[in-house]
Structures are given as C-alpha cells and as structure tokens.
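Here the structure is laid out as structure tokens; the discussion comes afterwards.
Here it is as structure tokens:
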C-alpha cells in the first residue's frame, strides 16, 4: 500500500513541480508554463492497474514477497523518473543550493607546491 501511495504522490505532483522553461536534450521546450495533465494521467492509470495486479498476486506467501519486491522496484523507477520533481521539493524545504556545496568542496587555501603534512612531504 505504501508503494502505491508514494508512486501516486510522485506522479501526481509532477505537473505542479515541473519548472517552466525546462528543455529536453535537443533544446526544445518541454513545459511552456502550462502544466500538462495528459502524461501524468496515463502514468497514474498504468500504476493503478499494475498495483491492482500486484495486490491480486499477493495472496500467497511466495507470490506476496515477489509482488512486494516488484512494487519496490516500481517505486524506484518512479523516483528515478521524478528526479526533477524531487529536486524541486528539496528546494522548497531549504535543501541548499548547488553553488554553496561546490564552494565548500573546492574552497582550499593551500598554496601550490606545499604539502599538507606541514612541510614534511
């Protein structure tokens, strides 16, 4: 049940969280400011049908375990597909900026040609 809820929330929030002006690999605009509801509706229908079949299969002991693992794989696939939406959610909750992380990672003050062991290099 939790896998179904997570999948529905991630797919359902995609029209709201997709940033306007996003482009694909060829540079074509993906979303021109208007949220398209057709793709998420098709995905929600497919996920609902898939989890219905998994629920019907989960009546046995072994098939229940297989259905649970397959439901987890579906959630992982939905999560990987919703990477942009998850980034937008983390931005809303103050997930930090990329520039701050990059500055912290590259902000060394060591002069060129010196060793880090206090000159005993």
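In this note's numbering, the protein residues as written are 6 to 126. We put the beta carbon where it would ideally sit given N, CA and C, even for glycine. From a predicted model like this one, the values you see are computed outputs, not experimental measurements.
_CB contact flag (residue 11, residue 80, <8 Å)_ = Counting from 1 along the chain shown, the entry for residue 11 is found at position 6. Counting from 1 along the chain shown, the entry for residue 80 is found at position 75. Cβ atoms of residue 11 and residue 80: closer than 8 Å.
*residue 50, enclosing alpha helix (DSSP H) - first and last residue*: Position 45 of the chain shown, counting from 1, holds the residue named residue 50. Per DSSP, residue 50 belongs to the alpha helix (DSSP H) from 43 to 62.
*Unbroken alpha helix (DSSP H) run spanning residue 66, endpoints*: Here residue 66 is taken as the residue at index 61 of the chain shown, counted from 1. Unbroken alpha helix (DSSP H) run through residue 66: 66 to 86.
*Report the three-state DSSP secondary structure of residue 9 (helix, strand or coil).*
Residue 9 sits at position 4 when you count from the first residue of the chain shown. If DSSP states are grouped into helix, strand and coil, residue 9 belongs with the helices.
_If you reduce the DSSP assignment to three classes, tell me which class residue 93 lands in._
Stepping through the chain shown from its first residue, residue 93 is reached at position 88. The answer is helix: DSSP assigns residue 93 an H, G or I state.
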